[in-house]
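Enquirer:
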Amino acid sequence: MKVTSIFVAGALTLALTAPAMAARDYISIVGSSTVYPFATVVAEQFGKTSGSKTPKIESTGSGGGFKLFCSGVGVNFPDITNSSRAIKASEMKTCADNGVTEIVEVKIGYDGIVLANSKTVEALKLTRQDIFLALAKEVPDPANPEKLIANPYKTWKDVNSALADTKIEVLGPPPTSGTRDAFVELAMETGADTFPVIEGMKKTDKEGYKRVSQTVREDGAYIEAGENDNLIVQKLQANPTAVGIFGFSFLDQNADVLHGSIIEGEEPNFEGIAKGAYPVSRPLFFYVKKAHVDVIPGIKGYLAEFTSEKAWGEEGYLADKGMIPMPKEERQLFSKNVASLKVMDMK
Amino acid sequence: MNSIETTSDLLKPTTRLKRRYRVERWFKRLGLTAIALSLSFVAFLFFTIFSDGYTAFKQSYIELEVHFAAEEFSQEKLANADYPGLVKHAMRTMFPEVTSREGKKFLYSLISPAAAYTLQNMVEADPKMIGTTQKVWVLADDDVDMLMKGKIDRSLGEGNRRVRDIQLAWIDRLESENRLETRFNKTFFTTGDSREPELAGILGAVKGSFFTLLITLSLSFPIGVAAAVYLEEFAPENKWTDLIEININNLAAVPSIIFGLLGLAIFINFWGLPRSTPMVGGLVLTLMTLPTIIIAGRASLKSVPPSIREAALGVGASKMQTVTHHVLPLAMPGMLTGTIIGMAQALGETAPLLMIGMVAFIVDVPGGITDPSAVLPVQIYLWADSPERGFTEKTAAAIMILLTFLIAMNSLAVFLRKKFEIKW
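If you read the sequences in order, they're chains A and B. Taking this note's numbering, the leading residue of the first sequence gets 1, the next gets one more, and so forth. Taking this note's numbering, the leading residue of the second sequence gets 348, the next gets one more, and so forth.
1. For B/Tyr430, which of helix, strand or coil comes out of DSSP?
2. Does B/Thr751 pass the burial test, meaning 16 or more other C-beta atoms within 10 Å, or should it be called exposed?
3. Quick check: is the beta carbon of B/Val445 nearer than 7 Å to any beta carbon in chain A?
4. A/Leu231: which of B/Ile409, B/Arg520, B/Trp730 sits nearest, CA to CA?
5. Of all Cβ atoms in chain A, is any one closer than 7 Å to the Cβ of B/Arg656?
6. Start and end of the beta strand (DSSP E) containing A/Thr166?
7. Per DSSP, what kind of secondary structure is B/Phe708 in: helix, strand or coil?
8. Mind checking if A/Asp256 is an interface residue toward chain B, Cβ cutoff 7 Å exclusive?
9. Whole-angstrom Cβ separation of A/His259 and A/Lys119, contact assumed at under 8 Å?
10. So what does DSSP say about B/Val670, is it helix, strand or coil?
11. Thinking C-alpha only, which one of A/Thr179, A/Gly74, A/Lys154 is nearest A/Ser84?
12. Report the CB separation of A/Ile131 from A/Ala187 in whole angstroms; it is logged as a contact under 8 Å.
13. Counting only C-beta atoms, is A/Gln253 closer than 7 Å to chain B at any point?
14. Does the beta-carbon of A/Phe250 have 16 or more other beta-carbons within 10 angstroms, so that it is buried, or is it exposed?
15. Quick one: what's got a C-beta closer than 6 Å to A/Ser28's C-beta in the same chain, skipping five residues either side?
16. Would you identify the three-state DSSP class for A/Lys78, choosing helix, strand or coil?
17. Going by DSSP, what residues sit across from A/Val114 in a beta bridge?
18. Name the two residues that bound the continuous beta strand (DSSP E) containing B/Trp484.
19. By the DSSP assignment, the beta strand (DSSP E) with A/Pro283 in it spans what residues?
20. Could you tell me the distance, in whole angstroms, from the CA atom of B/Phe762 to the CA atom of B/Gly681?
21. Among A/Arg217, A/Val75, A/Ala221, A/Asn82, which residue has its Cα nearest to the Cα of A/Gly63?
22. If B/Gly772 and B/Pro625 are in contact, beta carbons under 8 Å, what's the gap, nearest whole angstrom?
23. So that I know if they touch, is there some Cβ in chain B lying closer than 7 Å to that of A/Thr40?
24. Please state whether DSSP places A/Met21 in a helix, a strand or coil.
25. Identify which residue in A/Val159, A/Asn151, A/Gln45, A/Glu315 has its Cα closest to the Cα of B/Ala463.
26. Whole-angstrom Cβ separation of A/Gly247 and A/Ile108, contact assumed at under 8 Å?
27. Can the beta-carbon of B/Ser407 be found closer than 7 Å to that of B/Met476?
28. For A/Ile273 and B/Phe536, what's the separation of their Cα atoms in angstroms?
29. Considering only C-alpha positions, which residue in the set A/Thr166, A/Met323, A/Cys70 is nearest to A/Ala89?
30. Taking 6 Å as the cut-off, is the C-beta of A/Ile299 nearer than that to any heavy atom in the ligand MG?
31. Which residue marks the beginning of the alpha helix (DSSP H) containing B/Arg530, and which one marks its end?
32. What residues in the stretch 714-732 of chain B bring their beta carbon closer than 7 Å to a beta carbon of chain A?
33. Which of the residues in the stretch 613-638 of chain B, read from start to end, lie with their CB under 8 Å from any CB of chain A?
34. Would you mind working out which of B/Leu683, B/Val627, B/Thr636, B/Val706 sits nearest B/Asn757, comparing C-alpha positions?
35. If you draw a straight line from the alpha carbon of A/Met21 to that of B/Pro719, how long is it in whole angstroms?
36. Going by CA-CA distance only, name the one from A/Gly276, A/Lys147, A/Asp141 that's closest to A/Val159.
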């Protein structure tokens, strides 16, 4: 009984004193798992060289990051959210509703999405139309291009007679992943647009267009391999006929065992993605809450570190980790915006 | 005569008897196969983890002759000096023949970015070093380390591996000059997480797990024991206690992620406790382990024979005295076993911690229960997901450490049970 009463007293004190000790002396960052490997390098560099505490970075996914970021202003809410896409209008509205009205948008570089397979077999040469035909749930009937049928293609040769006669077997991220969203948007949608029947639906049946162009087949040809890209790399080594979808940094780190498929004549390499020639690439961002900049120590230093040439420049350490730098003018523009903390237009 | 024959007939195995024996033999064999199969899976698991992970306990170091030129330290703060520049200068002096821009880039990439931190710490610890030349062993880059450990195949073509031919030549030269060697990896046990595999350590996660379990133990053990004693010894038997009992049993079977959601809603959003800290983690895991401890506690109280209670009451002890002096001490070994098993469960848990932000990149080693920190299983998850090859062995090494703790805790539980077990 005595034990219980002591405990109850303890729990009450804990509950009462909790809000008082919530002051925070480290930066709290949330957001995209694609930006995570880059932001963590900057955070570590910043923590080790500045003497401030190292920022804490959670990998919540872009959408999850905005949800936390936009829930309010104050030490209990994150200061920065990473994102592998631009903020949506709906998210801006949530932010504004919760008092987060001043946001600084920083574009940091690009990431390529690659389709890779084992080096023991030849690299695939694909177009985005091939990708759509191989992976979509519904495709136009080859006999009657006006009609959509369930995807009948079993081998890459069925899709395009120039390709090898191997079974279509693609390992990729699940629908919760930002990589999957970007892949669907950049590769499959563009591929779908090459068919007049689907392109036409854009105006007449928006819902139907989205469904046809964005739904990945579920008959076993596309295998959801979870969020762990290392697992996909291992599976590709074990199974040379399979193709994997993941971010460029994983291809860069495993260049001894895997090679990327050539898409529309462009190899997925550093230069191709930086120039914008490689078609399946996307910009990466982070968003800063201006109201927090002078409250939480270190935010300015972290921003300065991230936007310095030695981090995001062409020879910077982020490039070594596989991030594709922006052109010089864009870097200058964004580092100027960061220095002056230029807030976004919230409409 | 006749009767003897009948007896021997009876002793002679009939076909039915033979069949029954055969079925029994088969059943035994099946059982043995099942055990052998599961043991071979465990052996396979241990073998892969160990063969992947044992190299993580060694790390490659390169010896540099660093000249701490006085003019580099003209600025007021020692931290502002260009330490990476010192490392680069040392590499250039060692290989004066490398002049091209690209060649230099390959040369510098032999050394880990952590080398600059090593120099900074040295100078800050002893500023008299400025102006002298020192021999310093610094960490090699993870690619060099992987090569030294034979995880990069030298026989592949240059384009197919991360180490260039020219770098191979430098590495061989360093090795022949005894300036490159692998040593025991102290860094792994003394630092927190890092994005450089050669600098990543387990200490942050071990301390995070320790603080989290400390909170869990100090809350769930007293509450669990108190609840078990009340329900078993004092509570009247009625509909309410039945309802409570059913609910405790149900709670033990609730998926752990649910407790994470509860923790997010109550501890973080309502009480405003800081995210990603062992305090919140410990509270959530307390909710998760409480039912286990209560159930184990009640079972061990039940196993204390009623004669003990009756004897105590018979010589005039009060109910409270009976419980605290006689029943509880006898039930304690069982309760401790239950608690340790509950703690071991909590040590391996990631799902609920995902919701309260403990799956995060945290470099600083936590110093208390309100500092953000990761825990061991979360560290394993984060490393398994990192692109650099060097993290594969770190992942396996972290699994080995987690397994060591788990096996130690479970053996302690077995030991306590064996030592204090009382047969009535």
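All residues carry an ideal CB built from backbone N, CA and C; glycine is no exception.
Expert: On the basis of the coordinates in this document:
1. helix
2. exposed
3. no
4. B/Trp730
5. no
6. That residue, A/Thr166, is in no beta strand (DSSP E); it is neither H nor E in DSSP.
7. strand
8. yes
9. 5 Å
10. helix
11. A/Thr179
12. 5 Å
13. yes
14. buried
15. Lys56, Pro78, Asp79
16. It is worth fixing the name first, because residue 78 of chain A is Pro in this sequence and not Lys. It is coil, neither helix nor strand.
17. A/Phe246
18. 480-486
19. 281-289
20. 11 Å
21. A/Asn82
22. Any question about residue 772 of chain B goes unanswered here, given that chain B covers just 348 to 771.
23. yes
24. With a pLDDT of only 45 at A/Met21, under 50, the local geometry of the prediction cannot be trusted, and no value is derived from it.
25. A/Gln45
26. With a Cβ gap of about 14 Å, A/Gly247 and A/Ile108 do not count as contacting.
27. no
28. 39 Å
29. A/Cys70
30. The ligand MG is not part of this structure, which contains no ligands at all.
31. Premise fails: B/Arg530 lies in the beta strand (DSSP E), 527-531, not in any alpha helix (DSSP H).
32. Thr717, Pro719, Ala731, Asp732
33. Ile615, Trp618, Gly619, Leu620, Pro621, Arg622, Ser623
34. B/Leu683
35. The pLDDT assigned to A/Met21 is 45, lower than 50, so where the model puts this residue is not dependable; a value taken from the coordinates is nonetheless given after this. Their backbone Cα atoms lie some 13 Å apart in a straight line.
36. A/Asp141
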